[in-house]
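S.K.: In order, the protein sequence lines correspond to chains A and B. Here the first sequence is numbered in the working numbering, starting from 1 and rising by one per residue. Here the second sequence is numbered in the working numbering, starting from 1001 and rising by one per residue. Where a beta carbon is used, it is the ideal one built from N, C-alpha and C, also for glycine. Computed from a prediction, not measured in an experiment: that's the story for all the values here. This is the structure I have questions about; it appears just below.
2 protein chains.
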Amino acid sequence: MKTIFCEFLDSQDKKGVIKLKPLGVAKNQVKKPTLPGWKDIVTEIVIDKKYALGLDGIEDYSHVIIVYWMDKENECHLKHHPQGREDIPYVGIFACRCPQRPNRIAMSTVTLLGRKNNVLKVKGLDIVSGTPILDIKPYTPQYDKVGKSKVPKWVNKLVF
Amino acid sequence: MKTIFCEFLDSQDKKGVIKLKPLGVAKNQVKKPTLPGWKDIVTEIVIDKKYALGLDGIEDYSHVIIVYWMDKENECHLKHHPQGREDIPYVGIFACRCPQRPNRIAMSTVTLLGRKNNVLKVKGLDIVSGTPILDIKPYTPQYDKVGKSKVPKWVNKLVF
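Written as C-alpha cells, this is what we have:
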C-alpha cells in the first residue's frame, strides 16, 4: 500500500528555535496538578481529526507513551529537593522527573483502554485537563524495556 | 538547601505554538541515519554550561532517557509500512516508532556510561551527530517500567 503523507506540525527557524503545534489535547476530570493518585484516572486524548488515520493499528498495543507539554508549570529549577521534600537529597533537575524543567516536555507510559476514531482512552496519565499533546508512541519493549536498572535509593521514598 | 532557579528554554505564544530551544547537542561518529547497529555506539550529550548543575546526581542512575528533535527527518507520514517493508502491516504513524512523525520528537532509553561537568556519555543512542537535545530524564522504573505488555506480532519482525 502507498504511504499517506501529511503535514509536519513542527519546524526549526534559522536561530535553531524548534516550533511545535499540539497534535491534540487531554480531557479528564483533573483541574490542577496533584502528586499521587493518578493510577485510576481515565483520560481521553483527542487528536486533530486530520491525523486520526495515524492511530490505525494502535489498538493492538497494551500500553502507549503520551508525550505532552506541561503548560501549567511556571517554575524552572536547576537544582532542588525533588517533590519539595527536605528529606530527599538535593539534586539537579535532570536527575529527577519533577516538572520544573527548562523544556517542559513530559512523557508518561500508560495503559491503553481503547481507541475510537481520533480519540484514545488511557488510564493512569498524570495530566491536567486541557494539556497539549505533542506525540503518541506505542510502548515497545525492544526500545523501552530495561531489564536491570539502578536508581538512587531516595527514588523509592518518593510519592508516585 | 534552597532551590536554584533557571531560565525556561521554552514558551507558548498566543496561537498555542510551543517554542523550544535545544538544551544541548549530540556528538558521535554517526553522520547519517541508519537502521540497525546502534547498540554499541557511544555518544556524548553536551549540554549548555548554564545548565550543567542540573546533571548533579544523574551519576547514580544506570539508564537515562534522551529526548531530542529529529532534525534530519524530512518526510511526514500519516500511514505507511514501518521501516518501508511491505511484509509489515500498513499502520498509522502513531502505531509505530518510525521517525516520520508530525512532531519529530524522539526519546531513547540508553545506558549511562558517565558524566563530566556538562557532558554525559551514553551507549546505544540511535542519533546522528549534531542532533538537538531537548531534555534528559533518568530512567525510573516506577514511571517507565511495564511488567507485562502486548505488542502486535509484526513488531518482532522489525530491525532494532
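Going along the chain, which unbroken runs of the alpha helix (DSSP H) with 4 or more residues stay wholly within the region 1077-1116 of chain B?
M.R.: As far as the region 1077-1116 of chain B is concerned, it has no whole alpha helix (DSSP H) run of at least 4 residues.
S.K.: For a contact defined as C-beta to C-beta under 8 Å, what are the partners of Asp-1060(B) on chain A?
M.R.: Here the neighbours are Ala-95, Lys-150, Val-151, Pro-152.
S.K.: Assuming Pro-89(A) and Gly-1054(B) are in contact, meaning their beta carbons sit under 8 Å apart, how far apart are those beta carbons, in whole angstroms?
M.R.: Contact doesn't hold; Cβ gap of about 14 Å is too wide.
S.K.: With a cut-off of 8 Å, does the C-beta of Asp-1040(B) fall near any C-beta of chain A?
M.R.: By this cut-off, Asp-1040(B) is not an interface position.
S.K.: Where in the region 1011-1043 of chain B do unbroken runs of the alpha helix (DSSP H), each at least 4 residues long, occur, reported from the N-terminal end onward?
M.R.: Runs found: none.
S.K.: How would you list, in chain order, the residues of chain E whose beta-carbon sits under 8 Å from the beta-carbon of Arg-1104(B)?
M.R.: Any reference to chain E falls outside this structure, whose protein chains are A and B.
S.K.: Checking the sheet assignment: what are the DSSP bridge partners for Lys-224(A)?
M.R.: In the structure displayed, chain A extends from 1 to 160; residue 224(A) sits before or after that span and is not available.
S.K.: Here's the rule: buried if 16 or more other CB atoms are within 10 angstroms of the residue's CB, otherwise exposed. What is Ser-108(A)?
M.R.: The residue is buried, with at least 16 neighbouring Cβ atoms inside 10 Å.
S.K.: Taking the alpha carbon of Asp-1082(B) as the reference point, which residue from Val-1128(B), Pro-1152(B), Glu-1007(B) has its own alpha carbon closest?
M.R.: It is Pro, not Asp, that sits at residue 1082(B) in the sequence shown. Among Val-1128(B), Pro-1152(B), Glu-1007(B), the Cα nearest to that of Pro-1082(B) belongs to Pro-1152(B).
S.K.: Taking the Cβ atom as the reference point for each residue, do Tyr-1139(B) and Ile-1065(B) lie within a distance shorter than 8 Å?
M.R.: Yes, the pair counts as a contact, with Cβ atoms nearer than the cut-off.
S.K.: Just to confirm, are Lys-1121(B) and Val-1042(B) a CB contact at a threshold of 8 Å?
M.R.: Yes.
S.K.: I need the straight-line Cα distance from Gly-1147(B) to Tyr-61(A), nearest angstrom please.
M.R.: Looking at the two C-alpha atoms, the distance is approximately 14 Å.
S.K.: Whole-angstrom Cβ separation of Pro-36(A) and Met-70(A), contact assumed at under 8 Å?
M.R.: The Cβ separation is near 17 Å, so there is no contact.
S.K.: Use the C-beta contact count for Phe-5(A): other C-beta atoms within 10 angstroms, 16 or more gives buried, fewer gives exposed.
M.R.: Exposed is the call here.
S.K.: Quick one: is Pro-22(A) near chain B, going by C-beta distance under 8 Å?
M.R.: By this cut-off, Pro-22(A) is an interface position.
S.K.: Under a CB-based cut-off of 8 Å, is Lys-1123(B) close to chain A?
M.R.: So no, Lys-1123(B) is outside the interface.
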